[in-house]
Amino acid sequence: MRAMRSQILRLAAARGVSNIRVYGSVARGTANSESDIDLIVDVEPECSLIDLAGFQLDMEELLGHSVDVTTRVDSIIRRRVEEQSVLL
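Read in order, the letters of the sequence shown correspond to residues 459 to 546 in the working numbering.
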């Protein structure tokens with residue numbers, strides 16, 4: 459994913475998405491060929507649900523894997539995710 463960082467950031471900016479963090483098995487280095495890619499992101503106020511879904515599809519097409527995009531989670535879970543995540 460780091461090799462595609464500039465492409466990911468360009469696609470994200472076009473959709474109003476920023477602060478992309480990878481968490482889960484990919485961040486831990488335990489992913490296998492069937493693992494999805496878990497992302498937690500910030501969105502601009504003007505980012506619509508269509509923009510967010512478009513970003514998810516953009517990432518799946520670019521990365522060739524299923525991608526799960528999360529914007530908001532329970533504060534306790536979010537803190538844990540952020541502690542374990544890796545900034546893209």
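Backbone N, C-alpha and C fix where the C-beta goes; we use that ideal spot for every residue, glycine too.
With DSSP run on the structure shown, which of helix, strand or coil describes residue i?
i      : result
Asp494 : coil
Ser476 : strand
Leu546 : coil
Quick check: what's the CA-CA separation for residue i versus residue j?
i      : j      : result
Arg486 : Glu541 : 11 Å
Ala489 : Arg468 : 25 Å
Ala461 : Asp496 : 17 Å
Ser491 : Met459 : 14 Å
Ile466 : Arg530 : 20 Å
Between residue i and the rest of its own chain, which residues show a CB-CB distance below 7 Å, the 5 nearest in sequence each way excluded?
i      : result
Gly474 : Val501, Glu502, Glu504, Cys505 and Asp509
Ser493 : Ser483 and Val484
Which whole-angstrom value describes the C-beta separation of residue i and residue j, a residue pair presumed to lie in contact below a C-beta threshold of 8 Å?
i      : j      : result
Leu546 : Ile478 : 4 Å
Please list, in chain order, all residues of the same chain as residue i whose beta carbon is under 8 Å from its beta carbon, the five residues on each side excluded.
i      : result
Phe584 : Not covered by the structure: residue 584. The range shown for the chain is 459 to 546.
Ser543 : Arg479, Val480, Tyr481, Ala485 and Ile498
Only counting the same chain, and skipping five residues up and downstream in sequence, which positions put a Cβ closer than 6 Å to that of residue i?
i      : result
Val525 : Ile495, Gln514, Met517 and Glu518
His523 : Ile495
Within 8 Å (strictly less), CB to CB, does residue i reach chain C?
i      : result
Val499 : Considering every chain present, this structure includes no chain C. It has just one protein chain.
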